[in-house]
Amino acid sequence: MDIRDIMDASPVMPVLVIQRIEDAVPLATALYNGGLTVLEITLRTPVALEAIALIKEQLPEAIVGAGTVIDAQTLKAAEDAGSQFFVSPGVNDGLLAAAKNSDIPLLPGVASPSEAMKLYELGYSALKFFPAEAAGGTPMLKSIGGPLPQLAFCPTGGVNPDNAPSYLALPNVRCVGGSWMAPEKLIREQKWAEIEAMAKVASQLKKG
Ligand code: 3PG
13 MDIRDIMDAS PVMPVLVIQR IEDAVPLATA LYNGGLTVLE ITLRTPVALE AIALIKEQLP
73 EAIVGAGTVI DAQTLKAAED AGSQFFVSPG VNDGLLAAAK NSDIPLLPGV ASPSEAMKLY
133 ELGYSALKFF PAEAAGGTPM LKSIGGPLPQ LAFCPTGGVN PDNAPSYLAL PNVRCVGGSW
193 MAPEKLIREQ KWAEIEAMAK VASQLKKG
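When you read off a place in the sequence shown, starting at 1, and then add 12, the result is the number in this note's numbering.
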């Protein structure tokens, strides 16, 4: 699947930190039922790879990717678990070489025009803007869109229900990423209905 199609499948990409494997499928199901069909499982916990495989098996309609892919090793592990896309906070040579040898698309993170231009030179025109709020937020993305209108972004990091609409209103933003609809506390307490309700609100955000 093309990374731009994945970005267009849902206005919001939930960024998930799954601590307990038993939470993986109920969490993914709540988000999916709320209308968020693209899920990013971060490789920040010991069960993350198992969670990707399990969600893929039990919720095959969802588009499941791996986040926090930071080198060749994590990319290979995410691919073996069945990830349909990779998301990285930034890039390094090992990660880029591994991504080049994989058929699975990478959404690489950038925080500046130079980083974006380097990746564009390598063939990447769809990028994660990270950490979105800390790196300049909507004014920064708007400014990048002037000289580099061919680049499309998924801003992530500090995006929330209040600022998501202004990101989505920008012509160079195709979706936003964020963790607000799946907070750690609600996952720990297995409040799936509350998570589904927040997902539903997020899924109804409109691309401007
Ligand atoms: C992260 O680093 O966990 C992601 O960028 C999500 O950031 P957020 O928790 O600010 O949405």
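C-beta: ideal position from N, C-alpha, C; glycine also. Being a predicted model, the structure only gives us computed values, none of them experimental.
Using 10 angstroms around the beta-carbon of residue i, count the other beta-carbons present and answer buried if the total reaches 16, otherwise exposed.
i           : result
residue 24  : buried
residue 112 : exposed
residue 215 : buried
residue 167 : buried
residue 189 : buried
residue 169 : buried
residue 213 : exposed
residue 91  : buried
Assuming the contact rule is C-beta atoms closer than 8 Å, residue i and residue j should be a hit. Round their C-beta distance to whole Å, please.
i           : j           : result
residue 63  : residue 33  : 6 Å
residue 100 : residue 120 : 5 Å
residue 87  : residue 114 : 7 Å
residue 39  : residue 199 : 6 Å
residue 84  : residue 107 : 6 Å
Please identify the residue among the options whose C-alpha is closest to the C-alpha of residue i.
i           : options            : result
residue 171 : 100, 150 and 86    : 150
residue 209 : 220, 219 and 194   : 194
residue 122 : 148, 103 and 107   : 103
residue 54  : 181, 73, 74 and 97 : 97
Would residue i pass as an interface residue toward chain C - the criterion being a Cβ-Cβ separation below 8 Å?
i          : result
residue 59 : No chain C appears in the structure shown, which is made up of a single protein chain.
Going along the chain, which residues of its own chain have a beta-carbon closer than 7 Å to the beta-carbon of residue i, five neighbours each way excluded?
i           : result
residue 177 : 217
residue 137 : 162, 163 and 164
Can you name, in chain order, every residue of its own chain whose Cβ lies under 8 Å from the Cβ of residue i, other than the five neighbours on each side?
i           : result
residue 59  : 30, 31, 32, 33 and 36
residue 207 : 39, 42, 43, 46, 193, 194, 198 and 199
residue 129 : 160
Less than 6 Å between C-beta atoms, sequence neighbours within five positions excluded: which residues of the same chain meet that for residue i?
i           : result
residue 56  : 29 and 80
residue 191 : 27
Can you tell me which residues fall inside 5 Å of the ligand 3PG, judged by beta-carbon distance to its nearest heavy atom, and keep chain order? 27, 168, 169, 170, 190 and 191
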